[in-house]
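What follows is a short report on a single structure.
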Amino acid sequence: MRRRPGIGGLQTAAAARDQYRLLGENVAKLRTDLMKEQLATFRSQLEEFARKHKTGVQIVEICLANRPLNGGLIDLLELCKLLRQKRKHDREAISEDDCLRAISKLQTLGSGFEVISAGKKKLVRTVPTELKKDHNEILELAQAQGYVTVDEVERRLSWTYGRAIDAFICFSLFYLLCCFIF
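Heads up: the sequence shown begins at 277 in the working numbering, then just goes up one per residue.
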């Protein structure tokens, strides 16, 4: 027959539980303190990044504010003009090259910002979706008059009716998603 633990065994087990509880509380406190320290470091580094890369942050603000109006595609020259208006009190002139460099830095973050060429214009894509070659060709055609028709796409690009309709449908869905979801 097996003996049950006595009072000494129960006291030892209770003392061990108390020690484990204290050890667990100490570990939790150390982790909490470490997390607070890491958050403080992250906050200070984020503030420093924002100060250092002010133009990149302002580009994001402008693009997000204009996304409902342009569906996630903004002309690079228009973006530069809006950025100059936003920073009119700064003494530094903002060039197209400054905007291109800021956008390239945003690209490394994987944020969906990219400069694409549509004919002679440079457009900034501000949504994490890829435009196909067909969409770019439609954009190039639409630049001259601000719109394009299926018949015109068929005639000028030598596309079939089905290809033109597919490109328009995909492009329309892309535009709707950009306007309403993002």
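Built from N, CA and C at the ideal position, the CB exists for glycine as well.
Measuring alpha carbon to alpha carbon, tell me which of Tyr296, Leu433, Ser380, Gln361 ends up nearest Lys409. Per the Cα distances, Leu433.
Does Ser393 come out as helix, strand or coil in the three-state DSSP assignment? Strand at Ser393.
Assigned exposure category for Phe456 - 16 Cβ within 10 Å defines buried: Confidence in Phe456 is poor, its pLDDT being 46 and thus under 50, which makes the residue's placement too unreliable to answer from.
Cβ shell of Leu417 (< 8 Å), same chain only, five flanking positions each side left out: Shown here for Leu417: same chain residues with a beta carbon closer than 8 Å to its own, the five before and five after excluded, namely Val424, Glu428, Val429, Arg432, Leu433 in chain order.
Looking only at DSSP bridge pairs, what is Ile350 linked to? Per DSSP, the beta-bridge partners of Ile350 are Val400.
Around the Cβ of Ala443, are there at least 16 other Cβ atoms within 10 angstroms (buried) or fewer (exposed)? In the assembly as shown, Ala443 is a buried residue. Its beta-carbon has 16 or more other beta-carbons within 10 Å.
Here's the rule I'm using: 16 or more other beta-carbon atoms within 10 Å means buried, otherwise exposed. How should Phe325 be labelled? By the 10 Å Cβ count, Phe325 comes out exposed.
Inter-residue Cα distance where the pair is Ile441 and Ser320: Ser320 has its alpha-carbon roughly 51 Å from the corresponding atom of Ile441.
Inter-residue spacing [alpha-carbon to alpha-carbon] between Arg360 and His411: Each residue's alpha carbon lies about 30 Å from the other.
So the candidates are Asp294, Gln421, Ser371; which of them puts its Cα closest to the Cα of Leu355? Measuring C-alpha to C-alpha distances from Leu355 to each of Asp294, Gln421, Ser371 identifies Ser371 as the nearest.
Could you check if Gly347 is buried or exposed, using at least 16 other CB atoms within 10 Å of its CB as the buried criterion? Classification of Gly347: buried, given that the 10 Å Cβ count is 16 or more.
Close Cβ partners of Leu299 (< 6 Å) along its chain, the five nearest in sequence each way excluded: Sequence-distant partners of Leu299 (beyond 5 residues in either direction) whose C-beta falls short of 6 Å from its own C-beta are missing from its chain.
Where Gly422 falls: helix, strand or coil (DSSP): In the three-state scheme derived from DSSP, where H, G and I count as helix and E and B as strand, Gly422 is classed as coil.
Quick check on this structure: which residue in Ala289, Val426, Val400, Cys375 has the alpha carbon closest to the alpha carbon of Leu349? It is Val400 whose Cα lies nearest to the Cα of Leu349.
Inspect the beta-carbon positions of Ala394 and Ile335 and report whether they are closer than 7 Å. Against a cut-off of 7 Å, the Cβ pair of Ile335 and Ala394 comes out as no contact.
Is the distance from the Cβ of Lys398 to the Cβ of Leu345 below 7 Å? No.
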